[in-house]
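The sequence shown runs 8 to 271 under the working numbering.
Even for Gly, the Cβ is constructed at its ideal location relative to N, Cα and C.
In this text the structure is predicted, and so the values were computed from the model without any measurement.
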Amino acid sequence: MNKSLAQLRYENENFAVPDPPRIEKVARFVRNYYGCCRGLRVLECGVARGGLADVLAREGAHCYGVDMYVRNVPGVHCVRADLNSGLPRFDGPFDVVFAGELIEHLYDDARFINEVKNNLKPNGLFVITTPNLVFIVDRLRMMFGKMPMGAYRPYHYHIYTVPILVRLFGDTGFKVLKVSSNHILFSRRRHPAGIVFEWLGDLFPTLGFSLIVFATPKVSVPAAQELLIPAEPQASASAPAIQEAVPPAAPEAPIPVTQESQTI
């Protein structure tokens, strides 16, 4: 049965996160990182009901969202834009930028990360989640010649593992604080016992289904020197320069000329 345009529009506007435990892990880290979410400026790239912006808006954060579709999320100021064309302009930097299951859809992932860095406060937090190429189930599938079911999709332009992400973040000026994953085998979305596999996803992220990377911008060397080394006081232009008195040099003793030195 074909859906009407009105039904498709409603589903797009009210799209909900399919795996809430992944968002719970991200929200918990943000709370621990800042202590309190009230007043934080949060940007979510790829907006959905139940996403990070939706969760933190209820805790007093000022939340914004960017998505190529119109989204209806109460408390979140959504901007419609294609992130392959760049981040829209905002009125100031953010404390938190979150991109959930998005970076693998972008043509130029490094460009996107650099744009995020330019829109993030110096101690801000950048979090992404993305499918893991070597998810434990996909390792078994590939052993039998089957394609991985998580990372490989026709609309995925990049595939990632933990080392690839750590190198990508380092090359674009970020320091990785932590790498986790949503679960090892399945989450509470499928069965309450999934809480065990969610916990294992924190311990063994390289085996998890979706990788979760928490990062912050690196401190540049000049900025670090300004923080640690006080500037030397400069002499006033009107004050006369004080020259230290230098005693005259003692005359050098004559070098005695010996008979040997006169011999040619």
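Contacts around residue i, its chain only, beta-carbon distance under 6 Å, and the 5 residues preceding and following it disregarded
i      : result
ARG4   : The structure shown does not extend to residue 4, since the chain is modelled only from 8 through 271, so no value can be given for it.
VAL24  : ILE30, ALA55, GLY57 and GLY58
LEU109 : CYS52 and GLY53
ALA88  : VAL73 and PRO95
Distance between beta carbons of residue j and residue i, contact taken as under 8 Å
i      : j      : result
PHE101 : ASN121 : Actually they are not in contact, since the Cβ atoms of PHE101 and ASN121 sit about 15 Å apart, beyond 8 Å.
LEU184 : THR223 : 6 Å
ASP116 : LEU175 : 7 Å
ASP26  : ARG146 : Rounded, the Cβ-Cβ distance is 21 Å, inconsistent with contact.
VAL77  : ALA60  : Contact doesn't hold; Cβ gap of about 15 Å is too wide.
LEU90  : TYR71  : Between TYR71 and LEU90 the Cβ distance is about 13 Å, and since that is not below 8 Å, they are no contact.
Euclidean distance between Cα positions of residue i and residue j
i      : j      : result
GLY131 : ILE143 : 32 Å
ILE135 : PHE151 : 30 Å
PHE22  : ARG148 : 30 Å
CYS201 : GLY208 : The question names Cys, yet the displayed sequence has Gly at residue 201. Each residue's alpha carbon lies about 10 Å from the other.
HIS165 : GLY82  : 32 Å
VAL141 : MET154 : 11 Å
VAL73  : PHE221 : 20 Å
PRO129 : VAL103 : 11 Å
ALA158 : LEU47  : 32 Å
Beta-carbon gap between residue i and residue j smaller than 8 Å
i      : j      : result
TYR167 : LEU218 : yes
SER194 : PHE181 : no
ASN189 : PRO28  : yes
With 16 other Cβ atoms within 10 Å as the buried cut-off, status of residue i
i      : result
LEU210 : exposed
TYR162 : exposed
VAL226 : exposed
Any chain C beta carbon closer than 8 Å to residue i
i      : result
VAL203 : Given the protein chain composition of this structure (a single chain), no chain C is represented.
Nonlocal neighbours in the same chain, by C-beta distance under 7 Å from residue i, ignoring five residues either side
i     : result
ARG38 : CYS44
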